[in-house]
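Residue numbers (my numbering): 2 to 327. Quick reminder that beta carbons are idealized off the backbone N, C-alpha and C, glycines included. Small disclaimer: the values here were computed from a predicted structure and weren't measured. See below for the structure under consideration.
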């Protein structure tokens, strides 16, 4: 049902995931925040086919994260972040923080951001009302539908590709674990259901609307990654519940940042979807620097050019070596 440019009856978090829960979208946003503006900038570091890159760039332009401008004498359009795309930066930094906390593997490239205070960026979330960091057991999610602006997207459930996509900035070309997770639309929707305390298989199936085979596949993937564990609740026949590990629950914090963005850009400031039990108020999460407690935004952070240049030279060497072995 539509009314002008608004659509009723769609979950706000699902609509947000339809935009951002995509492997290449996350990496494209990373490159845009670093400073990529031309087609060649993306091709230099993302091991992506021209067809896939073209499709994904069109999608983020259509979603309003990026706009294009044409320059005389240029080989192609220039891609510039819109305010909608800029406001997604705290979410990107929240998933980066998850990577640093739970899976800091040395071969995965993590953008070397510095905060305005001069320290390497590490961040945390606090309740906007009481200033207390949300912990497990202190957040109550509210299941509701929202009236949305036209997001120009539709629900997208992608199969797992048999061909692993690669990130040219990471040693071995493999992406950070958090990109693998948030880039899997089905996996993120399963985590969202578990955060809403759907624990039994049939409950997860109803909430996610995934097929039993796809749901079972994603649950197994999340178990292997250490984000979900099984608990026996019935014998003869054996039946299990699925629960999030501490690393799995910590996906709540990027989710809060994503929801704050979605409230502004997809629903025009609708009621928050969670209550902070510490203060009893609707939960809106602020992302702060761990060193100075200042807000984290794109305009008060910058990439450490020394670290980025060293990483770039290393990756170029590794890429040349890997290509020579093919």
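Check, Outcome
"What first and last residue would you give for the alpha helix (DSSP H) that runs through residue 68?", "It is not in any alpha helix (DSSP H) - residue 68 instead sits in the beta strand (DSSP E) that spans 67-70."
"According to DSSP, what are the bridge partners of residue 283?", "276"
"For residue 1, which of helix, strand or coil comes out of DSSP?", "Residue 1 lies beyond the residue range present for the chain, which begins at 2 and ends at 327; the question has no answer from this structure."
"Can you name, in chain order, every residue of its own chain whose Cβ lies under 6 Å from the Cβ of residue 1, other than the five neighbours on each side?", "Residue 1 lies beyond the residue range present for the chain, which begins at 2 and ends at 327; the question has no answer from this structure."
"Which first and last residues belong to the beta strand (DSSP E) in which residue 124 is found?", "124-128"
"Return helix, strand or coil for residue 163, following the three-state DSSP convention.", "Summary for residue 163: the model assigns pLDDT 37, below 50, so the residue's position carries little reliability; its value from the coordinates is reported in the next sentence. Residue 163 falls in the coil class under three-state DSSP."
"Where residue 131 and residue 285 are concerned, what is the direct C-alpha to C-alpha distance, given to the nearest angstrom?", "10 Å"
"Would residue 82 and residue 122 be called neighbours here (beta carbons separated by less than 8 Å)?", "no"
"Using the three-state DSSP reduction, which class does residue 156 fall into: helix, strand or coil?", "Unreliable positioning characterises residue 156 in this predicted model, as indicated by a pLDDT of 48, which lies under 50. A coordinate reading is not provided."
"Can you give the Cα-Cα distance for residue 241 and residue 300, rounded to whole angstroms?", "47 Å"
"Throw me the rounded Cβ distance for the residue 125 and residue 291 pair, which I believe falls under 8 Å.", "6 Å"
"Residues in its own chain within less than 8 Å of residue 303 by CB, not counting five upstream and five downstream?", "114, 115"
"Residue ranges of each alpha helix (DSSP H) run of no fewer than 4 residues wholly in the stretch 157-216, ordered along the chain?", "178-183, 186-196, 202-209"
"Pull up the distance between the alpha-carbon of residue 141 and that of residue 37, whole angstroms please.", "39 Å"
"Within a Cβ cutoff of 6 Å, which residues of the same chain sit near residue 89, ignoring the five residues on either side of it in sequence?", "262"
"Between which two residues does the beta strand (DSSP E) harbouring residue 81 extend?", "79-82"
"Residue 35 and residue 64: beta carbons closer than 8 Å?", "no"
"What separation, rounded to the nearest whole angstrom, lies between the Cα atoms of residue 25 and residue 294?", "31 Å"
"Would you mind reading off the limits of the beta strand (DSSP E) that contains residue 302?", "302-304"
"By Cβ distance below 6 Å, which residues in the same chain neighbour residue 198 in space, the five residues on each side in sequence not counted?", "none"
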